[in-house]
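> According to the working numbering, the sequence shown is numbered sequentially starting from 2.
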Amino acid sequence: MSNKLLQVEALQTHFLTEEGEVPAVDHVSFHVDPGEVVGIVGESGCGKSVTSLSIMGLIPTPPGQIVGGDILFKERNLVKLSEKAMRKIRGNEIAMIFQEPMTSLDPLFTIGNQMRESLYLHQKMSKKVANKKVIELLQLVGLARAEEVIHEYPHQLSGGMRQRVMIAMAMLCEPDLLIADEPTTALDVTIQAQILDLMRTLNEEKNTAILLITHDLAVVAEMCDRMIVMYAGQVVEQGTVREVLKDPTHPYTKGLIKSIPRMDKKNQALYSIKGTVPRPKKDRIGCRFAPRCDYAFERCFGESPGLYELDNERLSRCFLQDKAKGDAWTDDKTIIRS
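1) Would you kindly check if the distance between the Cβ of ALA171 and the Cβ of GLN116 is under 8 angstroms?
2) Please list the terminal residues of the continuous alpha helix (DSSP H) segment that includes GLY162.
3) When the Cα of GLY234 is compared with those of ASP284, GLU94, VAL38, which residue comes out closest?
4) Which class does ASN78 belong to by DSSP, given the choice of helix, strand or coil?
5) Return helix, strand or coil for LEU6, following the three-state DSSP convention.
6) Do LEU271 and ILE258 have their C-beta atoms closer together than 8 angstroms?
7) Are the CB atoms of GLY287 and GLU304 nearer to each other than 8 angstroms?
8) Check GLY113 in the structure and name its three-state DSSP category.
9) For THR104, is the classification buried or exposed, using 16 other Cβ atoms within 10 angstroms of its Cβ as the cut-off for buried?
10) Given 7 angstroms as the limit, tell me if LYS259 has its C-beta closer than that to any heavy atom belonging to the ligand FMN.
11) In three-state terms, what does DSSP make of GLU84?
12) Determine the direct distance from the alpha carbon of ASN208 to that of LEU6, and round the result to whole angstroms.
13) Would you kindly check if the distance between the Cβ of ILE151 and the Cβ of ILE112 is under 8 angstroms?
14) Relative to the C-alpha of GLN195, which residue among VAL236, LEU141, VAL230, GLU175 is closest?
15) When you compare the CB positions of VAL237 and PHE290, do they come within less than 8 angstroms of one another, or not?
16) Rounded to a whole number of angstroms, what is the C-alpha to C-alpha distance between GLU19 and PRO64?
17) Report the CB separation of LEU188 from GLN164 in whole angstroms; it is logged as a contact under 8 angstroms.
18) Starting from LEU212, trace the beta strand (DSSP E) both ways and give me its first and last residue.
19) Taking ILE274 as part of the beta strand (DSSP E), name the residues at either end of that continuous run.
20) Taking the alpha-carbon positions, what's the PHE320 to ARG293 distance?
21) Taking only the alpha-carbon atoms, compute the straight-line gap between MET97 and MET264 and give it to the nearest angstrom.
22) So what does DSSP say about MET264, is it helix, strand or coil?
23) Taking CB distances under 8 angstroms as the criterion, tell me whether LEU79 reaches chain D.
24) Spatial neighbours of ILE180 within its chain, please: C-beta separation below 6 angstroms, excluding the five flanking residues on both sides.
25) Of all the options VAL29, ALA25, THR14, which has the alpha carbon lying nearest to the alpha carbon of LEU308?
Here is the structure:
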């Protein structure tokens, strides 16, 4: 029996467009253990949110489709489950906090109506019992006037209040895995800190595993046990937060860390990685980061690097690791000998 709560293996999610088939997520593999907090970081357009929606079975079809790979949750392959079976898992065993609560909450229904729905569906509660639990959860996430909030509509709440409602809604059925997609985006700094403290408390008290999707390395450093760095639909580095932030092995990770402003330096010129993330393209040749990389050499433009397995289960998709380690895993788990 595997002790991994979630195991994503060589996931491929493509979208059909007028320009052809676009690989938004290209052979992505990672795992989340019970009670663990794992962060996925990268620039906008790198495939973070598409990965999370693939796990939840929420990729719009058409134009999107999972064309390869497996998503094992408690050793059940979510890719092969029917929509009816996924509805029993979604919101019950796996819950998600979406990036923008205003567009995730239905403007036509009160907060109470929307929160009670999952309790009716998954736990067959009566309205009275469901109401009591909803109020308790809203109080737990820091909404002092929970009895009033359940009768209000989303537009009557502030951004921070709506985000707290989304967290409470996600935690109603006490899921084993919580996926948080940019949970603090567009919130002020004080509310961000409160939301992160709340998520940490839920993780510690309920042993809820969290997959945290963000572009903020400071949030990852504060919240996560391990981190996954994505670029152009691929995983380019994996490891513990301490290892990756202290000693990054991939040039892209180094660039992200270098981009963080230093508090101890005045009048500093802010660093930015040159160029932009390439548009997804099928059958791309060479390292996807090579055009922006300060360390790129001829091989980087002619071959696609596999994931090199370093010490302590660290992974790095870079030919700079070739001389040191010699072997790399390709996306289909075939080993390349140097």
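Beta carbons: idealized from backbone N, C-alpha and C, even for Gly.
So, to answer that:
1) According to the sequence provided, residue 116 is Met. The question's Gln does not apply to it. The answer is no: Cβ separation not under 8 angstroms.
2) Position check: residue 162 holds Met in this sequence, whereas Gly was assumed. Unbroken alpha helix (DSSP H) run through MET162: 160-172.
3) ASP284
4) The answer is strand: DSSP assigns ASN78 an E or B state.
5) When DSSP states are grouped into helix, strand and coil, LEU6 belongs to the coil group.
6) Not a contact, by the Cβ cut-off of 8 angstroms.
7) yes
8) helix
9) That one is exposed.
10) Of ligands this structure carries none, so the ligand FMN is not represented either.
11) helix
12) 12 angstroms
13) yes
14) Checked all of VAL236, LEU141, VAL230, GLU175; the closest Cα to GLN195 is LEU141.
15) yes
16) 10 angstroms
17) Yes, LEU188 and GLN164 are in contact; Cβ-Cβ is about 6 angstroms, under 8 angstroms.
18) 210-214
19) Segment: none, ILE274 is in no beta strand (DSSP E) and carries neither H nor E.
20) In a straight line, the C-alpha of PHE320 is about 15 angstroms away from that of ARG293.
21) 34 angstroms
22) coil
23) Chain labels in this structure do not include chain D; a single protein chain is all it has.
24) SER53, MET97, LEU212
25) That would be VAL29, whose Cα lies nearest to the Cα of LEU308.
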